[in-house]
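Q: The structure follows.
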Amino acid sequence: MLENQIIERKAIDSFGILGSLYDGNQDQIIKQHYINSSIQSSELSHLSSCIIEKGHINKNFNLLQFIGIQDELRLHLLLNLAKRVGIASILNYSRRINEYTRFLYFSSIIRKEQIIITLEQIQQLILSSNLDLNATHIIRMIDFGIEFIAILQLPYEINITQQIDTILDKIRLILLNNNNTLILTNEEETILEKLINITTYSNISSLMTVNRVSDLFYQINRLKISSNHCHPLTYYLQSIDNLDSPYSSKNILLKILSADNCKQIEEYILQFRIPIKYLEASVNQHMPNYLYGHLQNRIYHVRQQYSILKDIYMKKIHQLTKLLTIADKDQFDMSMIFQELNFNEQNSINQLLKDVYDLENEIQIENNLRKKQLNDDKISEQDLNENDNFLNTNSTANITSDYDPDGDDTSSQSSNNTNDNEIDQTTLSDDSFIENDLPVSNEIINILLLGETGVGKSTFINSLVNYLHFNRLDQAQSNKPIAIIPVSFLLNNDEQLIEYNDLNESTNENFNYSGQSVTQHCKSYIFHLYNGNKLCIIDTPGFGDVRGIDQDNFNMEHILKYINNLTHINAICFLCKPNLVKLNQYFQSCFIQLFDFFGKNISENFIFCFTNTRSTSYTPDDTISLFQPIFDLFSLDDISLQKENIFCFDNESFRYLIALQNGISFNNNDIVQYETSWKTSTKESNRLIKYICTGLNSYSLQNRCQSIKHAQFQILHLIRPILETIRNIFRNITLWNIESPNQSIELYSTVIHHLVYSCLSCNPKIIKIGNFGIINDFPHEMQNKCQTCQCSPNRHIQIEYLLNYKLLNRPSKNKISEMKEQLLILRNASVQFAYFLKNIAYCTKENVILVNLIRIIEQETYICRHSQTNYLNVQLIKELTQWKQKYEEYFNEIIMKNMHNDLGIIYESIERVENILIIKEQLDAIKMGQEIMMKQHEIQAMQI
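Using UniProt numbering, read the sequence shown as starting at 1 and increasing by one per residue.
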């Protein structure tokens, strides 16, 4: 009976586990349950599928259907009812799709797991929870494996395209043959380097950061070997709607739509979404280079029409979602739904597509004439090179429109030898220096933004993107202001509250408490420059918080942990107000912690930006001199406090734009001042970006960064992997000595996608792996208080990954002698690390290794008390207790001898520990989880 009620869902959110509650109406996992029930796991012989599809100009090409997403889930994604994560984030792909686009789709099922559970057990599980959830299903079975779709943009050269297609066919055949490792010749790799762009979407986060074909397939080969790193592909969902459960969903969307209904609605959405996405790419990527020539009026008209159509489309989607979710099942009528929507904009879309087509053809003709003129004039080689650079920088516009509203393929008119540097997201306008002076690159420019609470960091970010996007104030006024962070401020003249964008939708800005930092945690805002660089500005909580020095220290610790996940920093920007009488006292502490983490050489990457400088004639006035005593304190004689790294802005012109959106009027004198403010701030913005890109060397966090604070973070990540590795080594030694030399237990690390915690007060869940009792990870979620239990928040500790266990009918990969050698390495390193954290880094008053080791022994004792078969755990306690005794003896020896290991020795020990395979796999899970959570705190352009 159960099997008849099971439905399949593509695992777009790969954080699901067996027993998780699932809301089928919005296709999301809403609660994890760890079920104390037997799990069947079967390894599969890599059931693989690989398809290569050429790009379509066809308006009906359905990307979600192409990758096998089920009908209802596709609809939920298009209606924004389901989160566009994992492979489903392909909906956010922003480049134009044409005949030079290739889709490479691969899927391989490697393992299947299911829980053996009765209907009564499911009902008991649902009734045991005390949360009010809209659950409709429970995850009963999961397919694990690898899935990705790579979207490749080929160069506009027929011969190169043909060669790449041949290589892709070879890759497809090798991927289908699971026994073959992908090996490309040097010539083939050289040809693939000519790809203009590769964007990958996958159920595995590490694959989504890959931008080279060779790197992609290196990762695939690695994942095939280590199947425990594979993530869910498909969830098999057991309905709970027929149970007597408070969670049976009252939302009717899933229940009332037939397969035909879903298809009708999907076709309705796609007929408008696809051309609007095409127009979005044209307006945001192809045309901005020509905004300031004789075509600017026509381009402005196109952008305005696109903005109108996009707003209409978004409102229709919202209206459609609302109609479907409030519809009465007994009176549901699709014809009434479509009659209510009545989208009458097809003629407008077709006309706008034609305008874009005509504009881009005209641009192409002008480019060809410019090239011919250059050759005819026989200009100097130097000038020719400069103009070639100009043409390459603007090559996105050298391609004629490849979307014909009548369905004809016009891309054959595209220019050959075009290096398409299209930008994925919001692209910043190209001032002259960006156009000519910045080298072409795809580097990420990381800028850390620091400043007091209330100085206006979030406003500065909003302002900067507008200054870089619109060269003049009148251009900004003819478009909607870009506000990637919600805006809220009081207008000075009458204390009127001005707001822009939905403040309620922002989880990172808190406007309710004066004196507290509005920004709650670090967040990265990514913009795209025309030379290919990505500009990443990291907004941070402000210091000088009214909650006191402890809150400031907490915020700074959070900031350093956040940037510890980056590969490099290009600049640290201190944002200040001009004409201050004195600096906030926390500035000095801020510098101390920065130098502790980076070292003093980071001062070479300091820049100073001043806001609200109109009142001081666009100068920092007296404030800049206040920094000098601090630098003298640190003996920073060579730090630059010159014009080159000092930048003055006035963000009032941005606020003027926002005020206009709120219907506020201004007199002519105000408008003139705001125009001057905009012009000055735009010039400073361009100078700022140029200085960071060309005047500063990036500071590597991977090679150069050896500091006490950095080592502290590295060690803290190692504590759990070290202790869990020690515990599992002793498990396998115990199995060898007592149970069987032909059995072993392996650890499998599961990546966590968001912050979860372990409760120290709740009774742990015990599972059986062979005859060993093991406490299973049971993650709790925190939002001010625990959402899973009623225990105090201070009884919860964060966990960075989940551990799973598997009993193998073979000996451990390591011999007994090798395991004992690893135990010795880990003991020595653990003593060094504990001493370092307590006596060198001063980040704790406890011996944190010992504290966590005692907690592990207490867990094993709990298992022995609550498990009938416990002889293996009894022996494990003896082994751990003896190891603890040796650890303490060695630790006391270090204290007595006053053995202060220098930083170099600490880093050598870190490297030695990280090279142990079982620890490396746990660290990989931590790193992947951090990358995912970093992505969740990145903001790019809004997608439709």
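Cβ coordinates follow ideal geometry from the N, Cα and C atoms, glycine included.
For Glu893 versus Ser698, is the C-beta distance shorter than 9 Å?
A: no
Q: Since Lys480 and Ser307 are thought to touch, with beta carbons under 8 Å apart, how far apart are those beta carbons, to the nearest angstrom?
A: 7 Å
Q: Do the stretch 140-160 and the stretch 24-31 touch if we need at least three Cβ pairs shorter than 8 Å?
A: no
Q: Name the DSSP beta bridge partners of Asp23, please?
A: Note: Asp23 sits in a beta bridge opposite Gln28.
Q: Taking 8 Å as the limit between beta carbons, can you name the residues of its chain near Ile877, skipping five residues before and five after?
A: Ile857, Glu860, Thr861 and Cys864
Q: Closest to Gln70 by C-alpha separation, out of Ile910, Glu266, Leu207 and Phe647, would be which residue?
A: Nearest C-alpha to Gln70: Glu266.
Q: With distances taken from CA atoms, which of Ile149, Pro620 and Leu872 is nearest Thr199?
A: Ile149
Q: Provide the residue span of the alpha helix (DSSP H) that contains Ala659, from first to last.
A: Under the DSSP assignment, Ala659 falls in the alpha helix (DSSP H) whose first and last residues are Glu652 to Gln661.
Q: Would you identify the three-state DSSP class for Gln706, choosing helix, strand or coil?
A: Here Gln706 sits in coil by DSSP.
Q: For Val756, which beta-bridge partners are listed by DSSP?
A: Ile799
Q: Within 10 angstroms of the Cβ of Val874, are there 16 or more other Cβ atoms? Answer buried if so, exposed if not.
A: exposed
Q: So, are the CB atoms of Tyr805 and Ile769 less than 9 Å apart?
A: For Tyr805 and Ile769, yes; Cβs fall inside 9 Å.
Q: To which residues of the same chain is Gln702 closer than 7 Å at the C-beta, ignoring the five residues directly before and after it?
A: Thr567
Q: Looking at C-beta atoms only, is the number of pairs between the stretch 186-196 and the stretch 156-170 that lie closer than 8 Å three or more?
A: Contact check between the stretch 186-196 and the stretch 156-170: three or more CB pairs, one atom from each, fall below 8 Å, which counts as touching.
Q: What residues match up with Gly145 in a beta bridge as DSSP calls it?
A: Ile109 and His231
Q: Arg298 by DSSP, collapsed to three states: which one?
A: helix
Q: With Ala259 as the anchor, note down where its beta strand (DSSP E) starts and where it stops.
A: Unbroken run through Ala259 is the alpha helix (DSSP H), Ala259 to Ala281; no beta strand (DSSP E).
Q: Around the C-beta of Ala259, are 16 or more other C-beta atoms found within 10 angstroms, so that it is buried, or is it exposed?
A: exposed
Q: Use the C-beta contact count for Asp650: other C-beta atoms within 10 angstroms, 16 or more gives buried, fewer gives exposed.
A: Its Cβ being crowded by 16 or more others within 10 Å, Asp650 is buried.
Q: Just to confirm, is the Cβ distance from Pro779 to Ile797 under 9 Å?
A: no
Q: Distance, Cα to Cα, Ile825 vs Ile910?
A: 11 Å
Q: Within 10 Å of its beta-carbon, does Ile365 have 16 or more other beta-carbons around it, so buried, or fewer, so exposed?
A: exposed
Q: Answer yes if the stretch 102-115 comes into contact with the stretch 230-238, meaning at least three C-beta pairs across the two stretches below 8 Å, and no otherwise.
A: Output reads yes: the stretch 102-115 touches the stretch 230-238.
Q: Short of 7 Å in beta carbon distance, which residues of its chain neighbour Met334, apart from the five on each side in sequence? Order them along the chain.
A: Contacts found: Asn261 and Gln264.
Q: Per the DSSP calculation, Ala150 is bridged to which residue(s)?
A: Leu104 and Thr200
Q: Leu903 and Gln706 - do their beta-carbons sit closer together than 9 Å?
A: Here Gln706 is near Leu903, since their CB atoms are less than 9 Å apart.
Q: In this structure, how does DSSP classify Tyr500 when only helix, strand and coil are distinguished?
A: Tyr500: strand per DSSP, three-state reduction.
Q: How is the alpha helix (DSSP H) around Gly904 delimited, first residue to last?
A: Leu903 to Glu914
Q: Considering only the alpha carbon of each residue, which of Leu660, Val210, Leu309 and Ile592 lies closest to Ser478?
A: Leu660
Q: Please identify the residue among Gly456, Cys609 and Pro741 whose C-alpha is closest to the C-alpha of Pro541.
A: Gly456
Q: Would you report the Cα separation of Ser749 and Ser38, rounded to the nearest angstrom?
A: 20 Å
Q: Let me know if Phe272 comes out buried or exposed under the rule of 16 or more other beta-carbons within 10 Å of its beta-carbon.
A: buried
Q: Could you spell out the range, first to last residue, of the alpha helix (DSSP H) harbouring Tyr691?
A: Per DSSP, Tyr691 belongs to the alpha helix (DSSP H) from Asn668 to Gly695.
Q: Considering only the alpha carbon of each residue, which of Leu352, Ser817, Val283 and Glu821 lies closest to Ser94?
A: The option with the nearest alpha carbon to Ser94 is Val283.
Q: Do Cys791 and Ser817 have their C-beta atoms closer together than 9 Å?
A: no
Q: Could you pull out every unbroken beta strand (DSSP E) segment of at least 3 residues lying fully inside the stretch 566-654, listed in chain order?
A: List check, beta strand (DSSP E) in window: 571-576, 606-610 and 646-648.
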